[in-house]
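Keeping their order, the protein sequence lines are chains A and B.
Quick note: the first sequence uses this note's numbering, first residue 2, plus one each step.
Quick note: the second sequence uses this note's numbering, first residue 110, plus one each step.
Ideal placement from N, C-alpha and C gives every residue a C-beta, glycine not left out.
Everything on this sheet refers to the single structure shown next.
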Amino acid sequence: GESVGLHLPTLSVQEGDNSIINCAYSNSASDYFIWYKQESGKGPQFIIDIRSNMDKRQGQRVTVLLNKTVKHLSLQIAATQPGDSAVYFCAENPSYGQNFVFGPGTRLSVLP
Amino acid sequence: DGGITQSPKYLFRKEGQNVTLSCEQNLNHDAMYWYRQDPGQGLRLIYYSQIVNDFQKGDIAEGYSVSREKKESFPLTVTSAQKNPTAFYLCASSVGQGYYEQYFGPGTRLTVT
């Protein structure tokens with residue numbers, strides 16, 4: 002597979018447990034955020050997004066929480082499965098018409 | 110079956126040679142992007158294009174060039190001027206620049222020796 006994420010922080014969770022992946026973003030003016038999942042050797046896949054006028058958004062088995070006060074974003078994965086093993090990273094958009102800024106990511110490892 | 114394709118998946122070149130990475134999308138997206146991914150770092154933007162026949166430098170454009178002659182295609186050339194070209198290259202597209210999800214291709218791993 003690709004050597005992406007060799008030096009990333011790693012979160013190890015037991016299969017079936019919930020996972021929480023955190024992201025500190027840099028720009029207090031950012032108002033749109035995306036979480037991506039990247040499996041080894043593949044391109045990133047969209048998981049969920051959230052705008053700054055919300056503090057929580059839920060998808061299928063995933064929830065994103067946004068705390069603008071401390072510039073913090075988290076991704077919660079319920080009942081983590083082996084297929085969830087991947088690198089997860091957040092992206093922030095400083096304002097409409099600008100380009101995304103991507104975080105380095107966290108490697109999620111699901112233990113049997 | 111809509112999506113973004115990149116080819117080849119693995120590419121090997123000798124130092125001093127230019128190499129062109131292919132990116133094609135059939136999503137009818139106006140905006141296309143090229144990123145570089147290195148271990149332990151976030152994606153870094155090389156070039157982007159919001160419309161055919163127009164493109165802009167990103168954060169690390171030195172040593173790279175692009176063209177956008179067709180809406181579907183956004184090839185990236187890694188020139189010999191790029192000092193550290195070995196990396197994983199990702200192409201993406203979106204409806205437009207701004208609050209739109211970017212769809213990514215599978216990536217090309219370039220190794221220059």
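Excluding the 5 residues preceding and the 5 following residue i in the sequence, name in chain order all residues of the same chain whose CB lies nearer than 7 Å to its CB.
| i | result |
| --- | --- |
| Ile160(B) | Asp139 |
| Ile21(A) | Ser75 and Gln77 |
| Leu199(B) | Tyr144, Gln146, Leu152, Phe213, Gly214 and Gly216 |
| Asp18(A) | Thr81 |
| Ser86(A) | Leu109, Ser110 and Val111 |
Along the chain, where does the beta strand (DSSP E) containing residue i start, and where does it finish?
| i | result |
| --- | --- |
| Gln206(B) | It is not in any beta strand (DSSP E) - Gln206(B) carries neither H nor E in the DSSP assignment. |
| Glu171(B) | First-last for Glu171(B): undefined, no H or E at that position. |
| Lys38(A) | Tyr33 to Gln39 |
| Tyr157(B) | Arg153 to Ile160 |
By Cβ distance, which residues of its chain are closer than 6 Å to residue i, with the 5 residues on each side in sequence left out?
| i | result |
| --- | --- |
| Arg218(B) | Tyr119 and Phe197 |
| Leu66(A) | Lys57 and Ser75 |
Using CA atoms only, rank isn't needed, just tell me which of the options is closest to residue i.
| i | options | result |
| --- | --- | --- |
| Asp32(A) | Phe101(A), Ser41(A) and Ser110(A) | Phe101(A) |
| Asp50(A) | Asn23(A), Gln99(A), Glu93(A) and Pro113(A) | Glu93(A) |
| Ile48(A) | Lys38(A), Met55(A) and Tyr26(A) | Lys38(A) |
| Leu136(B) | Ser189(B), Glu210(B) and Phe121(B) | Glu210(B) |
Does DSSP put residue i in a helix, in a strand, or in coil?
| i | result |
| --- | --- |
| Trp139(B) | Per the sequence shown, residue 139(B) should be read as Asp rather than Trp. Of the three classes helix, strand and coil, the one that applies to Asp139(B) here is coil, per DSSP. |
| Asp50(A) | strand |
| Leu109(A) | strand |
Please list, in chain order, all residues of the same chain as residue i whose beta carbon is under 8 Å from its beta carbon, the five residues on each side excluded.
| i | result |
| --- | --- |
| Lys179(B) | Val161 |
Is it true that the CB of residue j sits closer than 8 Å to the CB of residue i?
| i | j | result |
| --- | --- | --- |
| Val187(B) | Val128(B) | yes |
| Tyr142(B) | Leu154(B) | yes |
| Gly207(B) | Tyr89(A) | no |
| Pro83(A) | Val111(A) | yes |
| Thr107(A) | Pro10(A) | yes |
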